[in-house]
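Taking it in order: structure first as structure tokens, then the write-up.
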Amino acid sequence: MTTMAEFLALEEAVRRHVKDGMSLAFEGFTHLIPHAAAHEVMRQGMKDLTLIRMTPDIVYDQFVGLGRVKKMVFSYAGNPGVGLLRRFRDAVENGWPQVLEIEEHSHAAMANAYEAGAAGLPCSIFRGYLGAGLKDVSPNIKSVTCPFTGEKLAAVPALQPNVAFIHAQKADKKGNVLIEGIVGIQKEAVLSAKAAIVTVEEVVDNLDSHPNATVLPHWTVSAICVVRGGAHPSYAHGHYDRDNAAYLEWDKIAADRDVFAVWMEKNVLTASPDDFAKRIEGLEK
Amino acid sequence: MSNAFTPDEMMTIAASRALTNEDICFVGIGAPSAACNIARLTHAPDITLIYESGTIGTEPGVLPLSIGDGELCETALTTVSVPEMFRYWLQGGRVTIGFLGAAQMDMFGNINTTVIGDYAAPKTRLPGGGGAPEIASSSAQVYMTMKQSLRGMVDQIDFFTSFGHGEGGDHRQRLGIKTKGPTLLITDLAIWTPDSKTKEFVVRSLHPGVTCKEVQETCGWSVRYDSELEETPPPTDLELKTLRDLKTRTRAATRS
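Quick mapping for you: the protein sequence lines, in order, are chains A and B. Residue numbering for the first sequence follows numbering that gives the first Met the number 0, beginning at 0 and increasing consecutively. Residue numbering for the second sequence follows numbering that gives the first Met the number 0, beginning at 0 and increasing consecutively.
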């Protein structure tokens, strides 16, 4: 199946592609986290979501705290460099604002599962979870025996989200996307998903990349949305730095249900994608 | 001032001394990251540091706040994707040392960073394992570093996030794990290595000024000591200066 990337406003892209009850993956490994796209989904109110992400940091803490998430699939739920995720903890420990189902993996398992999704395989096989406790609490961690050597290997089902969201530095006018720096799991997330929405810092005439760069051809992407600063408070290699202060501040905001609600109302629910450009002022390269 | 140092500084410096120029080290964030970079900036300039975000041969000028900071990529020899990192480089057996921190560990080097209490209804939900379960089983050996406390060093961990020596003895081999597992533990008070048979961590060296009583008071299991207990050499002026300069640079960069 091929699609053509459409250049859309983020609001329109989310409206067209996201529905209640879908499985969504917002990927970016510390770098290029698609915050603006996530905030747009929060604003439009989609609920009963299954959210997939290796490192569900503050952006999934926000979704969970708003009560939009039925199930979270993840491998490390922390605030990077700061500590724990307090809204996620409140949901798991106290069922607030609603009970959260979790499917937990290791990074190796999630990375393999996305790769299997991108490769069109039903599951992924790897050497993992040896002696580890997760395989005893997760029905989606099983084992298979290598038919050639007899080695017992771990198996997890492929990840195939309904929609993958990533943020990238640039797209050209056809909608081909270039990702530079720590490329994480974004290419696999896009290729494993049924639809992909990519926010970019800018659209250029020519990607000006080298032959081995991480490029997603336009026919692998459903929609391109220009949102300058759209990864804030994470960073965009070559464009702006990580807003470390925002990660520290989040620890205080998320510690209190009421403070969280007020902050979300002001900074997410009544904000717009255009606000992100202001948030990277002073962090730009 | 040159003779005064904190237990934290001693821990980082003692941990850095265990690393060599030949090591390919998969670096955990926090205390391991500081130790690995002190090694690189002092006696092991050719060590290869790998972070799970995909950066290989990275030489950060400041300590990263997260495993995916831009500094790690900008100073790396090359940056690969996350699946490639876990499949080719870690699972492929190319890592000589996996260097891990822990929220909670037991005497056999089993680590818990998942939950305090029951998994289904936890008292405290911790972040989870991230890369650690496979770092612990695929690295040729595992070094660990953490501050001692009764909450951290416990008789029984609540969840096996990553497997050390399990119940001890040959438990790793019985599960078909071919790597050595935890071979070194550096705390703020002492240097520990496993007993060759039981695999229980044994104190081999006390840091300067530390007593056996202090080690026991901050450890939840009954501590064994080597019959020829040594004293860890104190930090050299170069080691201390390198560590303090790195921390100063890091603070300045984080504040900006």
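Backbone N, C-alpha and C fix where the C-beta goes; we use that ideal spot for every residue, glycine too.
Sequence-distant residues of the same chain with beta carbon closer than 7 Å to residue i, five excluded per side
| i | result |
| --- | --- |
| residue 240/B | none |
| residue 145/A | 152 |
| residue 218/B | 147 and 152 |
| residue 172/A | 202 and 204 |
| residue 308/A | Past the boundaries of the shown model lies residue 308/A; chain A is included only from 0 to 284, so the question cannot be answered. |
| residue 258/A | 252 |
| residue 46/A | 19 and 67 |
| residue 32/B | 26, 62 and 63 |
| residue 222/B | 202, 214 and 215 |
| residue 292/A | In the structure as shown, chain A begins at 0 and stops at 284. Residue 292/A is therefore absent and cannot be evaluated. |
Start-to-end residues for the beta strand (DSSP E) that takes in residue i
| i | result |
| --- | --- |
| residue 262/B | This structure cannot speak to residue 262/B, because chain B is shown only from 0 to 255. |
| residue 122/A | 122-125 |
| residue 141/A | 141-144 |
| residue 122/B | 121-124 |
| residue 113/A | Not the beta strand (DSSP E): residue 113/A falls in the alpha helix (DSSP H), residues 106-118. |
| residue 201/A | 194-203 |
| residue 107/B | Here residue 107/B belongs to no beta strand (DSSP E), and DSSP marks it neither H nor E. |
| residue 15/A | First-last for residue 15/A: 9-16, but that is the alpha helix (DSSP H), not the beta strand (DSSP E). |
| residue 203/B | 200-205 |
| residue 48/B | 47-50 |
| residue 97/B | 96-99 |
| residue 211/B | Run containing residue 211/B: none in the beta strand (DSSP E); it sits in the alpha helix (DSSP H), 211-216. |
| residue 222/A | 222-225 |
| residue 215/A | 213-215 |
Residue range of the alpha helix (DSSP H) that includes residue i
| i | result |
| --- | --- |
| residue 258/A | 256-263 |
| residue 37/B | 30-40 |
| residue 15/B | 6-16 |
| residue 116/B | Counting along the chain, residue 116/B falls outside any alpha helix (DSSP H), though it belongs to the beta strand (DSSP E) covering 114-116. |
| residue 71/B | 69-73 |
| residue 25/B | Element bounds for residue 25/B: not the alpha helix (DSSP H) but the beta strand (DSSP E), 23-26. |
| residue 133/A | 133-136 |
| residue 274/A | 274-278 |
| residue 243/A | 243-252 |
Cβ neighbours of residue i in the same chain (closer than 8 Å, five flanking residues each side left out)
| i | result |
| --- | --- |
| residue 74/A | 53, 54, 103, 104, 105, 106, 108 and 109 |
| residue 58/B | 39, 48, 74 and 75 |
| residue 168/B | 196, 197 and 198 |
| residue 111/B | 101, 102, 103, 104, 125, 156, 157, 158, 159 and 160 |
Presumed contact (8 Å Cβ cut-off) between residue i and residue j, rounded CB distance
| i | j | result |
| --- | --- | --- |
| residue 64/B | residue 80/A | 3 Å |
| residue 46/B | residue 18/B | 6 Å |
| residue 124/B | residue 23/B | Actually they do not touch by this definition, with Cβ atoms about 33 Å apart. |
| residue 30/A | residue 67/B | 5 Å |
| residue 213/A | residue 178/A | 4 Å |
| residue 123/A | residue 111/A | 4 Å |
| residue 43/A | residue 13/A | 6 Å |
Close-in-space but distant-in-sequence residues of the same chain around residue i (CB under 6 Å, 5 per side omitted)
| i | result |
| --- | --- |
| residue 193/B | 200 |
| residue 0/A | Since pLDDT at residue 0/A reaches only 47, below the 50 mark, its modelled position is unreliable, and the value read off the structure follows with that caveat. Excluding residues within five positions, none has a Cβ falling inside 6 Å. |
| residue 49/B | 25 and 55 |
| residue 134/B | 25 and 97 |
| residue 195/A | 163, 189, 220 and 221 |
| residue 72/A | 51 and 102 |
| residue 139/B | 95 and 178 |
| residue 198/A | 33, 35, 36, 166, 224, 226 and 229 |
| residue 114/A | 187 |
| residue 85/A | 253 and 254 |
| residue 5/A | 222 |
Residue i beta carbon near the ligand FAD (any heavy atom closer than 8 Å)
| i | result |
| --- | --- |
| residue 137/B | By its list of ligands, the structure shown contains no ligand whatsoever, and the ligand FAD lies outside what it can speak to. |
Those runs of the beta strand (DSSP E) which lie wholly inside the region 147-188 of chain A and span at least 3 residues: Complete beta strand (DSSP E) runs here, min 3: 151-156, 162-171 and 176-178.
Contiguous beta strand (DSSP E) assignments of at least 3 residues, all confined to the region 23-104 of chain A: Taking only runs of at least 3 residues, the beta strand (DSSP E) segments lying wholly in the region 23-104 of chain A are 48-52, 68-73 and 100-103.
Stretch pair the region 143-157 of chain A + the region 108-119 of chain B: three plus CB contacts closer than 8 Å: The region 143-157 of chain A vs the region 108-119 of chain B: no contact.
At least 3 beta-carbon pairs within less than 8 Å: the region 158-166 of chain B vs the region 123-131 of chain A: Judged by Cβ distances under 8 Å, the region 158-166 of chain B makes contact with the region 123-131 of chain A, as three or more pairs qualify.
Contiguous beta strand (DSSP E) assignments of at least 3 residues, all confined to the region 120-167 of chain B: 121-124 and 140-144, all fully within the region 120-167 of chain B.
Those runs of the alpha helix (DSSP H) which lie wholly inside the region 166-197 of chain B and span at least 4 residues: Entirely contained in the region 166-197 of chain B, the alpha helix (DSSP H) runs reaching 4 residues are, in chain order, 170-173.
Cβ contact check for the region 226-234 of chain A and the region 25-44 of chain A: 3 or more pairs under 8 Å: Contact between the region 226-234 of chain A and the region 25-44 of chain A is present, because at least three Cβ pairs lie under 8 Å.
Touching by the beta-carbon criterion (3+ pairs, under 8 Å), the region 191-205 of chain A and the region 240-253 of chain A: No, the region 191-205 of chain A does not touch the region 240-253 of chain A.
contact_flag[the region 155-174 of chain A, the region 16-23 of chain A] where n(CB pairs < 8 Å) is 3 or more: Counting Cβ pairs under 8 Å, three or more are found: they touch.
Contact between the region 178-187 of chain B and the region 10-17 of chain B (3+ Cβ pairs under 8 Å): The region 178-187 of chain B, when compared against the region 10-17 of chain B, does touch it at the 8 Å Cβ threshold.
Segment contact flag, the region 2-9 of chain B with the region 54-67 of chain A, C-beta cutoff 8 Å, min 3 pairs: The region 54-67 of chain A and the region 2-9 of chain B do not touch, with fewer than three beta-carbon pairs separated by less than 8 Å.
At least three beta-carbon pairs within less than 8 Å, the region 100-107 of chain B to the region 139-146 of chain B: The region 100-107 of chain B vs the region 139-146 of chain B: in contact.
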